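Q:
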Ligand SMILES: C[S@@+](CC[C@H](N)C(=O)[O-])C[C@H]1O[C@@H](n2cnc3c(N)ncnc32)[C@H](O)[C@@H]1O
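Numbering (the working numbering), first residue to last: 19 to 309.
1) On the DSSP letters alone, give me the boundaries of the beta strand (DSSP E) that residue 296 sits inside.
2) Going by the DSSP bridge assignment, what does residue 202 pair with across the sheet?
3) Around the C-beta of residue 118, are 16 or more other C-beta atoms found within 10 angstroms, so that it is buried, or is it exposed?
4) As an exercise, report each continuous beta strand (DSSP E) stretch of at least 3 residues that is fully enclosed by the segment 34 to 120, in chain order.
5) DSSP state of residue 137, grouped into three classes?
6) Spell out the partners DSSP gives residue 264 in its beta bridges.
7) Check whether the Cβ of residue 23 lies closer than 7 Å to any heavy atom of ligand 1, and answer yes or no.
8) Within 10 angstroms of the Cβ of residue 30, are there 16 or more other Cβ atoms? Answer buried if so, exposed if not.
9) Identify whether residue 282 lies in helix, strand or coil by the three-state DSSP scheme.
10) Taking residue 220 as part of the beta strand (DSSP E), name the residues at either end of that continuous run.
11) In the DSSP assignment, what residue or residues form a beta bridge with residue 212?
12) I'd like to know whether the C-beta atoms of residue 312 and residue 98 end up nearer to each other than 8 Å.
13) Specify whether the segment 261 to 269 and the segment 277 to 291 touch according to this definition: at least 3 beta carbon pairs, one from each stretch, less than 8 Å apart.
14) Short of 6 Å in beta carbon distance, which residues of its chain neighbour residue 197, apart from the five on each side in sequence? Order them along the chain.
15) Roughly how many angstroms separate the alpha carbons of residue 96 and residue 86, rounded to a whole number?
16) Could you tell me if residue 297 is buried or exposed, where buried requires 16 or more neighbouring beta carbons within 10 angstroms of its beta carbon?
17) Could you tell me the boundaries of the alpha helix (DSSP H) in which residue 148 lies?
18) Check the C-beta distance from residue 48 over to residue 210 and give it rounded, since I have them as a contact under 8 Å.
19) Flag this pair as touching only if the segment 141 to 148 and the segment 162 to 171 have three or more C-beta atom pairs under 8 Å; answer yes or no.
20) Can you give me the C-alpha to C-alpha distance between residue 283 and residue 199, rounded to a whole angstrom?
21) Quick check: does the Cβ of residue 163 come within less than 7 Å of any heavy atom belonging to ligand 1?
22) Return the CA-CA distance between residue 229 and residue 188, expressed in angstroms with no decimal places.
23) Which residues bound the alpha helix (DSSP H) around residue 175?
24) Return the CA-CA distance between residue 108 and residue 89, expressed in angstroms with no decimal places.
25) If we ignore side chains and look at the alpha-carbon of each, how far apart do residue 151 and residue 110 end up?
26) Suppose the cutoff is 8 Å on Cβ atoms and the five residues either side in sequence are ignored; what does the same chain contact list for residue 193 look like?
27) Is residue 158 near ligand 1, going by C-beta to nearest heavy atom under 7 Å?
28) Tell whether a beta-carbon distance below 8 Å holds between residue 179 and residue 243.
Take a look at the structure:
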């Protein structure tokens, strides 16, 4: 599978990454070590984003409004946003692969696993699940992000796939789904540290995540297949996610594992820890701690 993303270097609080034909330098608080490449190699980046004096890009004009890259066989439309995001979290690659396997193992000839993806952003997890044969409900509070994700579905010829696109606040939606008695075989969520719902509802992970997980538990079928929780919040470690997930799923027989998500590049390039995940499957087979 083609991979047009690579971490090239990191250090001094920044990361240098390749996204297709463009090399970008952006902030990376956890990269407190020294860079391996020279200053000249960093300065050769096509564009860079800083947060020091206000959020701003340098040489943004060198970047097209939009360009496409392929990661793990999935195509993503990228664009430089005012917040320094591009429309992809490459560290989620490990999750997309895991989701593909989990959906395939849950699939039966006459039934497509039903999957709910919350805080779904540009849709990487949605596309990984749909590509593997799932019926997916994709939820995000931002209409712009849901449109972006639909563009990615079209870029992967998945625009006709059974995907329900929802713009709403996660908690509002979960309450309604519980009332409707809807059930899912698999649930995926990647809550932000701090976020706003479609009508400005505040989401703070340390306050709201236990409730989100309890509501998700009520939406699982009697014999669910999988559950995947990830987060990018300092202080929320793999074990924190595993403890939270084991709380919510304690009555379900299965296997829970957790680990760090990493930004990676060619052999020899130091990986950058970038969030973490906890993964539950109904499969009895034990999985190693790092997924
Ligand atoms: C960290 S991003 C998720 C990244 C995504 N899982 C991925 O890897 O591509 C968080 C997303 O949550 C959405 N969001 C924030 N607050 C929300 C809320 N209260 N309800 C639903 N979505 C929310 C944001 O619009 C953003 O797209």
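Think of the CB as a built atom: it goes at the ideal place given N, C-alpha and C, for glycine as much as any other residue.
Computed from a predicted model, the values in this text were never measured in an experiment.
A: The short version:
1) 290 to 299
2) 238
3) buried
4) 40 to 45, 65 to 68, 74 to 76, 85 to 89 and 92 to 96
5) coil
6) In DSSP, residue 264 forms no bridge with anything.
7) no
8) exposed
9) coil
10) 220 to 222
11) 222
12) Past the boundaries of the shown model lies residue 312; the chain is included only from 19 to 309, so the question cannot be answered.
13) no
14) none
15) 6 Å
16) buried
17) 142 to 149
18) Not confirmed; about 17 Å, so no contact.
19) yes
20) 44 Å
21) yes
22) 11 Å
23) Residue 175 -> no alpha helix (DSSP H), and no H or E assigned at all.
24) 8 Å
25) 19 Å
26) 233
27) yes
28) no
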